[in-house]
Amino acid sequence: MGIHMLPGYSDPYHGRPITKGELGCFLSHYNIWKEIVDRGLKASLVIEDDLRFEIFFKRRLQNLMKELKSEGLDWDLIYIGRKRMQVDHPEKAVPNIHNLVVADYSYWTLGYMMSLQGAKKLLEAEPLKRMLPVDEFLPIMFDKHPVSDYMEQFEKRDLKAFSAEPLLVYPTHYTGDPGYISDTETSTVWDKEGVRTDWDRARSRKTQEQEEISTEAQNSDVLQSALDSTARDEL
Numbered sequence: 001m002g003i004h005m006l007p008g009y010s011d012p013y014h015g016r017p018i019t020k021g022e023l024g025c026f027l028s029h030y031n032i033w034k035e036i037v038d039r040g041l042k043a044s045l046v047i048e049d050d051l052r053f054e055i056f057f058k059r060r061l062q063n064l065m066k067e068l069k070s071e072g073l074d075w076d077l078i079y080i081g082r083k084r085m086q087v088d089h090p091e092k093a094v095p096n097i098h099n100l101v102v103a104d105y106s107y108w109t110l111g112y113m114m115s116l117q118g119a120k121k122l123l124e125a126e127p128l129k130r131m132l133p134v135d136e137f138l139p140i141m142f143d144k145h146p147v148s149d150y151m152e153q154f155e156k157r158d159l160k161a162f163s164a165e166p167l168l169v170y171p172t173h174y175t176g177d178p179g180y181i182s183d184t185e186t187s188t189v190w191d192k193e194g195v196r197t198d199w200d201r202a203r204s205r206k207t208q209e210q211e212e213i214s215t216e217a218q219n220s221d222v223l224q225s226a227l228d229s230t231a232r233d234e235l
């Protein structure tokens, strides 16, 4: 497949190369983007298998997509689940659309909407020639990654990325929870079968629950919908 790792990449928390699990995760998403383009799908929902849905998930997502269409928003990627990594200041609320912000640096790919033009942009970047974890690649493509050396490897970084606010899906387990299993962070290093990374299980920060965001950094300007004040209940 002509796969090569991004020169100089190392995990930001542990200083290790990409793992086989992270490589496999990237290829899974890559193949989905390819199928979106091959089939000409205008909008696709991509979800991983280790998430839980928030109350009224279907109705919330349908309402969001209706507003995107009525407002004519030009979008490529919409996170419906993520770990927000930029917590110093609020993200920009999208005018006239409820529960949507312009995405800043984020982790996780457990759930997102992808447009046809967005999938094309990701494939045209030829990421298999400069691979890194998929949740590092996406922020590069919308020009929000904090490591400039990584971003310089990709000339076009014009992916139009947004996020639902509040989120619509969350992980079923976080690091340290009973039953927590990670196929990405606790597998072997991609090119060294004997080097395992099980030590990440106890110390991983990438899969920890979102740290508390200060009052000043809350996305408080986002338009709220009537569903946001609804008492939590079963799906």
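Note that the UniProt record's numbering has the sequence shown beginning at 1, numbered continuously upward. Here a beta-carbon is modelled for each residue, glycine too, at the ideal position from N, C-alpha and C.
Pop quiz: residue i and residue j are said to be a contact at Cβ under 8 Å. What is the actual Cβ separation, rounded to whole angstroms?
{"i": "residue 167", "j": "residue 54", "result": "7 Å"}
{"i": "residue 142", "j": "residue 103", "result": "7 Å"}
{"i": "residue 79", "j": "residue 112", "result": "5 Å"}
{"i": "residue 171", "j": "residue 51", "result": "6 Å"}
{"i": "residue 77", "j": "residue 161", "result": "4 Å"}
{"i": "residue 116", "j": "residue 40", "result": "6 Å"}
{"i": "residue 64", "j": "residue 75", "result": "Contact flag wrong, Cβ pair sits at about 11 Å."}
With 16 other CB atoms within 10 Å as the buried threshold, where does residue i fall?
{"i": "residue 226", "result": "exposed"}
{"i": "residue 59", "result": "exposed"}
{"i": "residue 89", "result": "exposed"}
{"i": "residue 145", "result": "buried"}
{"i": "residue 7", "result": "exposed"}
{"i": "residue 126", "result": "exposed"}
{"i": "residue 221", "result": "exposed"}
{"i": "residue 84", "result": "buried"}
{"i": "residue 13", "result": "exposed"}
{"i": "residue 121", "result": "buried"}
{"i": "residue 118", "result": "buried"}
{"i": "residue 235", "result": "In this prediction, residue 235 scores a pLDDT of 38, lower than 50, which makes its location untrustworthy; no coordinate-derived value is stated."}
{"i": "residue 22", "result": "buried"}
{"i": "residue 216", "result": "exposed"}
Bridge partners for residue i per DSSP, in chain order?
{"i": "residue 162", "result": "78 and 102"}
{"i": "residue 53", "result": "169"}
{"i": "residue 45", "result": "113"}
{"i": "residue 93", "result": "101"}
{"i": "residue 223", "result": "98"}
{"i": "residue 107", "result": "83"}
{"i": "residue 131", "result": "5"}
{"i": "residue 215", "result": "None, per the DSSP bridge assignment."}
Give me the residue from the options with the minimum Cα distance to residue i.
{"i": "residue 123", "options": "159, 95 and 145", "result": "159"}
{"i": "residue 108", "options": "49, 63 and 149", "result": "49"}
{"i": "residue 43", "options": "139, 150 and 66", "result": "66"}
{"i": "residue 73", "options": "86, 91 and 101", "result": "101"}
{"i": "residue 228", "options": "61, 38 and 10", "result": "61"}
{"i": "residue 10", "options": "87, 91 and 150", "result": "150"}
{"i": "residue 214", "options": "22, 86, 5 and 174", "result": "86"}
{"i": "residue 110", "options": "147, 216, 174 and 218", "result": "174"}
{"i": "residue 156", "options": "19, 38 and 140", "result": "140"}
{"i": "residue 219", "options": "91, 56, 20 and 16", "result": "91"}
{"i": "residue 18", "options": "169, 135 and 216", "result": "135"}
{"i": "residue 20", "options": "5, 33 and 32", "result": "5"}
{"i": "residue 57", "options": "15, 70, 169 and 153", "result": "169"}
Using a threshold of 8 Å, state whether the C-beta atoms of residue i and residue j are closer than that.
{"i": "residue 82", "j": "residue 106", "result": "yes"}
{"i": "residue 164", "j": "residue 99", "result": "yes"}
{"i": "residue 47", "j": "residue 114", "result": "no"}
{"i": "residue 3", "j": "residue 138", "result": "no"}
Is residue i close to chain B? Criterion is C-beta to C-beta, closer than 8 Å.
{"i": "residue 153", "result": "The structure shown has no chain B; it contains just one protein chain."}
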